[in-house]
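Residue numbers (the working numbering), protein chains in the order written: chain A, 1 to 185; chain B, 1 to 185. Cβ coordinates follow ideal geometry from the N, Cα and C atoms, glycine included. Treat the numbers as computed from the prediction; the structure is a model and nothing was measured.
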C-alpha cells in the first residue's frame, strides 16, 4: 500500500501495532470521527444514561454527588448517513465459537426490531477478539435467529453464513459503511 | 417476535392529568412516547453527557460519587421517521418579541448544518411560553438567519414569516411530525 511521499509501511507490523490495547468501542468511535471529519456520516455514541440522586452546587456549578448508571433502553449508536437513519449496537466477545445473547438486552432487540420495521438501517457489530474477526449482522437476521432458535447464544457459523465481515483497515478502522453501501445501494 | 413480559405501555389515560404545568421538554417526550407506542416514529432525547470523576463500588454496583454535566455537542433529539433521519433541538423562552440565540450553542448549530447538508431533516422547535406559540424553524432558515444577520436573537416576526406553527393538541401534545409531513412529502 502506498502512502504519500512514497513511504511504504509494512502493513503486517502496522496491524499488530494499531490494535494494541484498543477495543471495539474505541475503534468505532475513531471510525465515526473519521466519517464526521470527512462529512460522510454523522453517527454518535449515546451517553450512558445516569440517574442522579444527589446534586450539589459548587461555585454555581452543578455537581453530581450520587448517581447511578441506568440500563440503556436503546442501542449505543445512531445517526445519519446520506439521508438514511442508521442504528446499531457493538459488542465484543472472547469466546471462540459463539456470541452470548446476554450481551444484548431484550429492550435493545425490541428497539432494533422497531428500527427495521420503520425502514431504518439496524444491525449489530460483533467482534470475536481472539479470532480477530468483526462481523456486521443485519437486524433482520438477528431477529430471525432469536425468533427461530431458542438458544442463549449465536454460534459463529451463523455469523459465517449470514453476517458480513468488516475488514480490518488502517483508516477508518472499522469501515462498517462499506458494508452498508454494498447492501443498501 | 417474542417480547419480554411487561413491555406493553398503555399510558393514554394518564396523560391529561400528568401534563398540567409541564414544559416543552415534557410535552415533546410525551409526544415521542406517543409516536413510539403507535410505531409511527422512534425519536429519543439523548441523555445529558456526564463526566464521572469519582466512582465507587457498593455491593458490586457502580456508583458515581462525583460527576459533572458536560455540554452536549449535538442536539437533544434524534431518531427515525419512515426511513428518514430526524434531528432537532427544542427550547422555550419567556420573551415576547425575540428568541435569544444564546440558547443554542455554536457546535449545535454546526451539527444542524451537517445534518441538513447530508440530507437529514434538521430543525429547532421554539416555544414562546407567554404567547403560547410553538414554532418549528427549519435548519436551513436558522442557518440563513445566522449567516445573514449579525444579531444576538431572532425576532418573532422571522418565526411568523419563515417558521411553521405547531398547533397545540390534546394528543400528541406537540405534533411536529404533522409539519414534517407537510414539508417533506
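From A:84, A:152, A:94, A:142, pick the residue whose C-alpha is nearest to that of residue 181 (chain A); which is it?
A:84
So, is residue 147 (chain B) buried or exposed, given that buried needs 16 or more other C-beta atoms within 10 angstroms?
exposed
Terminal residues of the continuous beta strand (DSSP E) containing residue 180 (chain A)?
Per DSSP, residue 180 (chain A) belongs to no beta strand (DSSP E); it is in the alpha helix (DSSP H), 176-184.
Residue 171 (chain A) by DSSP, collapsed to three states: which one?
coil
Sorted by chain position, which residues of the same chain lie with C-beta nearer than 8 Å to residue 98 (chain A)'s C-beta, five sequence neighbours on each side aside?
153, 154, 155, 156
Would you mind telling me which residues of chain B sit closer than 9 Å to residue 118 (chain A), beta carbon to beta carbon, in chain order?
39, 40, 41, 42, 80, 81, 82, 83
Proximal residues to residue 54 (chain A) (C-beta, below 6 Å), its chain only, five neighbours per side dropped
65, 66
Among the residues of its own chain, which have a CB less than 6 Å from the CB of residue 172 (chain B), if the five just before and after it don't count?
31, 34
For the pair the stretch 115-129 of chain A and the stretch 37-47 of chain B, tell me if three or more CB-CB distances fall below 8 Å.
yes
Applying the 10 Å Cβ sphere with the 16-neighbour rule, what's the burial state of residue 167 (chain B)?
exposed
Members of the stretch 56-82 of chain B that neighbour chain A once the beta carbon cut-off is set at 9 Å:
61, 62, 63, 64, 65, 66, 67, 68, 69, 70, 72, 73, 74, 78, 79, 80, 81, 82
Reduced DSSP category for residue 82 (chain A) - H, G, I as helix; E, B as strand; rest coil
coil
Between residue 96 (chain A) and the rest of its own chain, which residues show a CB-CB distance below 8 Å, the 5 nearest in sequence each way excluded?
128, 130, 131, 156
When the Cα atoms are used, what is the spatial distance from residue 236 (chain B) to residue 174 (chain B)?
Absent from the model: residue 236 (chain B). The displayed extent of chain B is 1 to 185, so no value can be given.
With a threshold of 6 Å on Cβ separation, who are the neighbours of residue 5 (chain A) within its own chain once the five nearest residues in sequence on each side are excluded?
In this prediction, residue 5 (chain A) has a pLDDT of 42, which is less than 50 and means its spatial position is unreliable; nothing more can be read from the coordinates.
Using only CA atoms, which one of B:57, B:63, B:161, B:69 lies nearest to residue 206 (chain A)?
Since the displayed chain A opens at 1 and closes at 185, residue 206 (chain A) lies outside it and no answer follows.
What does the alpha-carbon distance come out to for the pair residue 74 (chain B) and residue 100 (chain A)?
33 Å
For residue 87 (chain A), three-class secondary structure by DSSP:
strand
Does any residue of chain B have a CB that is nearer than 7 Å to the CB of residue 49 (chain A)?
yes
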